[in-house]
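Residue numbers (full-length UniProt numbering): 1 to 394. For every residue, glycine included, the Cβ atom is placed at its ideal position computed from N, Cα and C.
Have a look at this one:
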């Protein structure tokens, strides 16, 4: 992240002796990106953070994909993946089901009430959108409360676990990058501060305010990592609990951002999708479509025009409200649509006319545009509406 934070007990100067009240040294860990040439933080541990006692294979959730061939738009009903009565047995790490993926990003869906194991994704950053429910995300940097509408942004290799609250299942849409996810560069000054023209700012980002202290020996952490053959999983057993950090400081840490804090940019005529962007990653972007006043030109047509995004596949997850342009298609809350590059798409028949004169859209959706084609994961086949591709012809 662009701005510095300091939490807990750190020494006055980095890379110098830091001791506990008894005189024992704390162990400093530098966690940094891009070969320590980009954002980083320093964490201070009670025990050696590298001490492991065992390493075994972990069969991570199925990451196999197949091409979207023949090419067609898709509608996935995400809630069908986790029927009522199954949530007590699942968590949002090991229970993830892959929807779509390519070499840059993987999109999954998860639901559950069980706490997750300790987990670390070493392949890239994760952005987890909380569709419903609440949880505490315990991390090596401290605890983050997460609620409906939150994006939880977890830097690569952040050890963490999800602890849902109550009996209501936590439903989460998971974006796993093969690199780092940041606010769009055009929102930032050359020194990294959010500009006045940006639709959100530093006040809207919430990082950990206190460290999480946990004790224990022989603590297991599930690690997703790269191999020459692709992505693999390992169970690492640590001699001491990873949450033994007494303090940290730096510009790299997990944080939350709630979709309600995104201030939409509107105009006299329909605005293109880049005005809705919230994050960028390697060869993909993330956008919000939030409740907003719409076009106010006297002859405006507020619903989207038909469009061919010739360089991208477009994925939209409908997480709330009433999406005017999709009426009649079968799309509802809990739906995911995939409109691939090479196929023009837009509003359903009749939506163009119905939208004339509308002044406000009460819609809530998360969009991911990728610049390489997306393939289908096992969950896409399991919850697809097979009639969606023909919905413009009905």
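Asked	Found
Under 7 Å between C-beta atoms of residue 29 and residue 49	yes
The beta strand (DSSP E) enclosing residue 321, as first and last residue numbers	313-321
Beta carbon proximity, residue 385 to chain D, threshold 7 Å	Considering every chain present, this structure includes no chain D. It has just one protein chain.
Nearest neighbour of residue 286, chosen from 308, 175, 267 [CA to CA]	175
Residue span of the beta strand (DSSP E) that contains residue 44, given as start and end	40-45
Neighbourhood of residue 370 by C-beta, 7 Å cutoff - its chain only, sequence neighbours within 5 removed	102, 104, 105, 283, 284, 312, 313
Under the three-state DSSP convention, the category residue 275 falls into	helix
Classification of residue 15 by the beta-carbon crowding that lies within 10 angstroms, buried from 16 upward	exposed
Whole-angstrom distance between residue 210 and residue 254, CA atom to CA atom	13 Å
Runs of alpha helix (DSSP H) lying entirely within the region 23-94, each at least 4 residues, in chain order	none
DSSP state of residue 439 mapped onto helix, strand, coil	For residue 439 there is no data in the structure shown, the boundaries of the chain being 1 and 394.
Residue 337 - partner residues in DSSP beta bridges	75, 316
Sequence-distant residues of its chain with Cβ nearer than 6 Å to residue 132 (five each side left out)	148, 171
Residue interval of the alpha helix (DSSP H) (run including residue 380)	378-382
Residue 97, buried or exposed, once every other Cβ within 10 Å from all chains shown has been counted against 16	buried
Residue(s) in a DSSP beta bridge with residue 361	292
Identified DSSP bridge partners for residue 106	101, 176
Backbone CA spacing between residue 349 and residue 195 [nearest angstrom]	40 Å
Residues near residue 321 in its chain [Cβ-Cβ closer than 6 Å; skip 5 each side]	362, 363, 364
Cutoff 8 Å; reference residue 141; Cβ partners in own chain excluding five residues on either side	7, 41, 43, 158, 207, 208, 211, 245, 248, 253, 254
Inter-residue Cα distance where the pair is residue 373 and residue 162	31 Å
Residue 235 versus residue 113: straight-line alpha-carbon distance, rounded	22 Å
Buried versus exposed call for residue 337 [16 or more other C-beta atoms within 10 Å across all chains shown]	buried
Length of the line joining the Cα atoms of residue 225 and residue 122	5 Å
Through-space distance from residue 310 to residue 199, alpha-carbon basis	26 Å
Candidates 368, 201, 180, 119: closest to residue 219 by CA position	119
Length of the line joining the Cα atoms of residue 139 and residue 216	16 Å
Residue 372 - DSSP class collapsed to helix/strand/coil	coil
Cβ-based neighbour list, residue 276, same chain, cut-off 6 Å, excluding 5 preceding and 5 following	287, 288, 289
Pick from 126, 214, 167 that is closest to residue 398, judged by C-alpha positions	Nothing can be reported for residue 398, as the shown portion of the chain is limited to 1 through 394.
Segments assigned beta strand (DSSP E), at least 3 residues, entirely inside the region 169-235	170-177, 217-227
Extent of the continuous beta strand (DSSP E) run through residue 246	245-250
Beta-carbon proximity list for residue 124, same chain, < 6 Å, skipping 5 on both sides	156, 177, 178, 179
Buried or exposed (CB count within 10 angstroms, at least 16 for buried), residue 297	exposed
Segment limits, beta strand (DSSP E) that includes residue 299	First-last for residue 299: undefined, no H or E at that position.
Backbone CA spacing between residue 186 and residue 197 [nearest angstrom]	9 Å
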